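Numbering (the numbering used here), first residue to last: 111 to 712. Quick reminder that beta carbons are idealized off the backbone N, C-alpha and C, glycines included. Computed from a predicted model, the values in this text were never measured in an experiment.
Given below as structure tokens:
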């Protein structure tokens, strides 16, 4: 090996880069320099083993990773860098049909939205449900089971319609690409031999994120030589919902018993205290590859603090962020899910801090129950101010939530403003005393709501009007998750407590999906979205039971994946790691997550 390459690598990296023929599993923990190892190995194959560049394939998990590798590798001419899907799409176009078309994400979502209407599928937002349906279709095509809150029979009708839609238009989706390529390679020895001849050495990054079908395709492509250089970390397997699983690395060793196993044992990212705390968390998982890492840098800051409420927690987080931002530090605040961050981002906006926000597209206002309660507030404001702004659509949605036996046709001929709508209903029900009482009661409730603070108004709709009670009886029959609906309303209540007027609240809730400033040094994102990134300082708020591990993870026995997710989040930090939890979450008592109890000394 060239002297300059040897000088830049530690012993474990050097061993990996120097590997010759045959299967090799490289266990690459966070910040271990795996991209450098992959690039240096390609260089070594070309310069020391005289492998032709066009016989080398580097498979990555994302397009950005493929582009980064290609840019970092000088003399990349001939070497193929690409994602799993782009590589296997190329094979299909060369050996199955050149005119093959891949359906766009927008077209897939548009089709699913039509299916939602066709089968009257209840949902918090059509966009969110369309994505959930597509994810379940993907799981089904990958050999898994759909994870849905709708009846299985309804899902299978959607699945059948979607398959027919793709077939009629000669479209493939991403799962079809993998499945069809696997079928082609298995059924055509001549095609398989052609690709064996072309790609004699395969390097696969983020190996733990491969689904079983994707792994099978790569194994077929490698052929009897087994020249697969698999780089991954079972502790960072966090895409179980896509069909990936940490067991794929064990399967690799089972399929290739003679495989060389190498641990990249130096962490160049996390200072020693951060690495130690992260390892304390992940060691609790059973069945993992045992790994010990040495930190390249000593020191670092790790703290765990508790607060009475989230507003108190976020205020201190923002104070600390302001100091770090002034010092020019790159900062991340990581949340378990998208809508967990809404209150925090609104507080950032009110403080005038610039930030970027990833994956925050499904707003709080898009949630089913939240939409209804916000309609009550809008109608109350319109009725009280006697504005001529259209309110009929909102009124039509809430008049029978809860049930008041008010017919839709009693509103259809009226002008659209709130006062005219109620005048029409009062006139139409003069001869129906019971319903007339309900109309007057609704009108009085709305006048009452108009005089309350946003928080009190939301509480009034939920408790006095009886929306929560109605929702509990309505949701199960419509396939809605009642716990999720009530949690969304708790989030709205918490959100409402920050604002003094309906206008402020409505504007804030509707803008909760605004994604901030990409040029900022403060980054707000989900733990999943942070994978592959690093920051000087990382804040992990709300580390409580029910958030991480999520309630569903406890029910479904997938706590190990939740622990891996927390490990990924913690190991994004280079210098400072700030952990926090609250004793009250959305007006209910909360307790520290079991995932951090042990290393926290509880």
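Using a Cβ distance threshold of 8 angstroms, residue 609 and residue 601 do not count as a contacting pair. Where residue 298 is concerned, there is no enclosing alpha helix (DSSP H), because DSSP gives it neither an H nor an E. One thing to note: residue 694 has its Cβ within 8 angstroms of the Cβ of residue 418. Distance between residue 144 and residue 581, taken at the CA atoms: about 50 angstroms.
In the three-state DSSP reduction, residue 698 falls in the strand class (E or B). For a cut-off of 8 angstroms, the C-beta gap from residue 706 to residue 391 is around 7 angstroms, short enough to register as a contact. If you check the CB distance, residue 371 and residue 346 do not come in under 8 angstroms.
The C-alpha of residue 515 lies about 15 angstroms from the C-alpha of residue 532. Three or more beta-carbon pairs separated by less than 8 angstroms link the region 685-704 to the region 648-657, which places the two stretches in contact.
Runs of the alpha helix (DSSP H) lying entirely within the region 637-698, each at least 4 residues long, are 661-666, 669-680 in chain order. With a beta-carbon spacing of about 26 angstroms, residue 383 and residue 342 fall beyond the 8 angstroms limit used to define contacts. Counting of Cβ neighbours within 10 angstroms places residue 300 among the exposed residues, the total staying below 16. Shown here for residue 138: same chain residues with a beta carbon closer than 6 angstroms to its own, the five before and five after excluded, namely 144, 341, 343, 374 in chain order. When the alpha-carbon of residue 508 is set against those of 635, 166, 489, 222, the nearest one is in 489. Annotated as distal: residue 475 and residue 598, with beta-carbon spacing of 8 angstroms or more. In the structure shown, the three-state DSSP call for residue 449 is helix. Short of 8 angstroms from the beta carbon of residue 151, and not among the five residues preceding or following it, lie these beta carbons of its own chain, in chain order: 126, 127, 129, 313, 339. Fully contained in the region 150-178 are the following beta strand (DSSP E) runs of length 3 or more, in chain order: 166-170. The alpha carbon of residue 686 has as its nearest neighbour, out of 660, 645, 657, the alpha carbon of 645. Sorting 440, 648, 380, 594 by C-alpha distance to the C-alpha of residue 477 places 594 at the top.
Here residue 240 is near residue 219, since their CB atoms are less than 8 angstroms apart.
The beta carbons of residue 434 and residue 647 sit about 5 angstroms from each other, so the pair counts as a contact at 8 angstroms. Under the DSSP assignment, residue 415 falls in the beta strand (DSSP E) whose first and last residues are 411-417. Counted as a single uninterrupted DSSP element, the stretch harbouring residue 141 is not any beta strand (DSSP E), since DSSP gives it neither H nor E.
In terms of Cβ geometry, residue 287 and residue 323 do not form a close pair [threshold 8 angstroms]. A straight line joining the alpha-carbon of residue 357 with that of residue 233 spans about 34 angstroms. Residue pairing by DSSP puts residue 342 in a beta bridge opposite 137.
Following the DSSP letters along the chain, one finds residue 269 inside the alpha helix (DSSP H) bounded by residues 262-278. Annotation for residue 481: 475 place their beta carbon closer than 7 angstroms to its own, counting only its chain and skipping 5 residues before and after. For residue 312, the enclosing beta strand (DSSP E) covers residues 311-314. Nearest C-alpha to residue 305 among 197, 438, 276: 197. Proximity of the region 395-414 to the region 157-172 falls short of the contact definition, fewer than three beta-carbon pairs being nearer than 8 angstroms. Spatial neighbours of residue 360 in its own chain (CB-CB distance under 6 angstroms, excluding positions within 5 residues in sequence) are not present.
With respect to the 8 angstroms criterion, residue 633 and residue 413 are not classified as neighbours on the basis of their beta carbons. The beta carbon of residue 669 sits closer than 6 angstroms to those of 659, 663, all from its chain and outside the five residues before and after it, given in chain order.
For residue 545, the enclosing alpha helix (DSSP H) stretches over residues 543-560.
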